[in-house]
Ligand code: ACM
Ligand code: ZN
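Residue numbers (this note's numbering): 8 to 542.
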């Protein structure tokens, strides 16, 4: 009530979303009788999509949901009510006698496009729609509610691209466009290598601004069904409010314009010009908006650049801003040298860069270490048996390298690539105590020629030639941010990788195996190191 009133004073209408039939483990933990299996369940500690959803065969599930709607609906003044409907796996319904009895009772047969269980979801949503209508509310659902037949009065939120929105509009339903590619603000807005960990994707400001919510393929006569847009800001990779603000702003300014300006009036250069003023307003509200960061041009950014003779670095930013830099270790300020075209380095240097906005406000400092190296000599390979990498496993939770006793593995085997290590957990399943195993991998990598190589991994540590190269200790293991380069001579080099077993920032590394990627100095992209490197 307080939130609704606070928002209303500011001309904002809050629409609730009560998620069903999926994303409901927190409910099922308290009320396991509304699940298919009866539980017990624990509230999830990690992000993800759970197989356990509301049981569609149980009438008491529906009276429970009806009670919730009856209690929640009056709190909100909006005529709309969002019921979710997304990401509801059907594996429990396929096995559940009650759900299967419901399918039989309803005579649901499935068809070429939809399984009986997807059609059962349609039944579920339509039943909830009736409850909402009885409370004078219009139902919104994610585009999965199209599966198996749309509820008659539903408004569809198209999130998995625009397809669902187009289909719904063609069926005469209202649509809210929120496709991930343009409107998911949990996506990166710059090079992931220079930004705190985020979900993924790449949605810089220009991309959001360029979105037209009325799809070209939609006939003119259907355009009015596109009611508007929504951006989503799922916070599973946002650990404080500053990060939330940083991902919302300034992209939400572009959202306003694609929602409220006629297409013919859109003008990105003019938007950028106005953005300078908007940023000053945001400063007055103390909002932590994203300030473009100097990114390396044409290659993934890296904060540790090895070179053998010299190195030329080129930078860009996602929006045109001035970049200043220093090479003497001092903090760059407005008066520092301005970056123009490229920078050439021939000696060890600490390069510090930052953006300067038109207002004079300065962005965060990016520090790059440049190190002149000789090619590290190759070594003799001593495990001549070519078994790949030795994998040593350590049972239990380990949050820090020092939490494992590396002299005392409980199990050892050989794997052809790091991805094949034994202890992994199916993506999005919550690890149990018994699942936690740390891994130490040791062996050799075969380097094809003398060059500077960049390495990227989510392993907690990567050692090459007995020297620590990459440390990701404490990082959320999602997108590697601590890449490093090293000059290596052709031939064999020792490698060691450590993958700790714990949950960091809600994400278990156990979901992602333990790969390592390599990029030679002249290459534009990393490639995952396959078994040819470890032979
Ligand atoms: C969604 O992002 N699962 C709607
Ligand atoms: Zn069931």
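Beta carbons are placed, not taken as given, at the ideal position from N, Cα and C, and that holds for glycine.
Apart from the 5 residues on each side of it in sequence, residue 343 sits with its Cβ closer than 7 Å to the Cβ of 331, 332 and 333 in its chain, given in chain order.
Distances from the alpha-carbon of residue 474 to those of 529, 415, 383 and 513 put 383 closest. For residue 55, there is no enclosing beta strand (DSSP E), as DSSP marks it with neither H nor E. Here the alpha carbons of residue 355 and residue 338 stand approximately 18 Å from one another. Residue 494 sits away from residue 352, with the two beta carbons spaced by 9 Å or more.
Between residue 207 and residue 485, the CB-CB gap stays under 9 Å. Between residue 466 and residue 514 the beta-carbon gap is near 15 Å, outside 8 Å, which marks them as no contact.
The alpha-carbon separation between residue 103 and residue 125 amounts to approximately 14 Å.
For residue 183, the uninterrupted beta strand (DSSP E) run begins and ends at 182-184, by DSSP. Within a 10 Å sphere around the beta-carbon of residue 280 sit fewer than 16 other beta-carbons, which makes this residue exposed. Annotation for residue 380: no alpha helix (DSSP H) segment contains it, and DSSP assigns it neither H nor E. In summary, residue 47 is exposed, with fewer than 16 beta-carbon neighbours lying within 10 Å of its beta-carbon over all protein chains present. Distance from the CA of residue 292 to the CA of residue 286, rounded to the nearest whole angstrom, comes to 10 Å.
Bridge partners of residue 345 according to DSSP: 331.
Cβ neighbours of residue 54 within its own chain (closer than 7 Å, five residues either side excluded): 243, 513 and 514. About 6 Å separates the beta carbon of residue 52 from that of residue 437, a gap short enough to meet the 8 Å contact definition.
As DSSP reads the structure, residue 530 sits in no beta bridge.
CA-to-CA, the gap between residue 115 and residue 127 works out to about 8 Å. Within the chosen limit of 8 Å, the ligand ZN does not reach the beta carbon of residue 197 with any heavy atom. Listed as beta-bridge partners of residue 445 by DSSP are 401.
Contact between residue 162 and residue 237 fails: their C-beta atoms lie close to 11 Å from each other, not under 8 Å.
DSSP, read as helix, strand or coil, puts residue 233 in strand. In this structure the stretch 455-466 does not lie against the stretch 408-422, because fewer than three pairs of beta carbons, one per stretch, are closer than 8 Å. The alpha-carbon separation between residue 368 and residue 362 amounts to approximately 8 Å. Annotation: residue 305 to residue 420 spans about 40 Å, alpha carbon to alpha carbon. With a cut-off of 8 Å, the C-beta of residue 239 is classified as distant from the ligand ZN, since no heavy atom of the ligand falls inside that distance.
The stretch 225-236 and the stretch 172-183 touch, with no fewer than 3 CB-CB distances between them shorter than 8 Å. Taken from the Cβ of residue 64, at least one heavy atom of the ligand ZN lies inside 8 Å. Short note on residue 94: C-beta closer than 8 Å to some heavy atom of the ligand ACM.
With respect to the C-alpha of residue 440, the residue from 142, 388 and 404 having the closest C-alpha is 404. Using a cutoff of 8 Å, the CB of residue 529 does not count as near the ligand ACM, since none of the ligand's heavy atoms is closer than that. For residue 166 and residue 94, the gap between their C-alpha atoms comes out near 11 Å.
Its chain contains 121, 125, 126, 128 and 129 as the residues whose beta carbon lies nearer than 7 Å to that of residue 155, once the 5 sequence neighbours on both sides are disregarded; these appear in chain order. Taking the CA atoms as reference points, residue 265 sits about 12 Å from residue 212.
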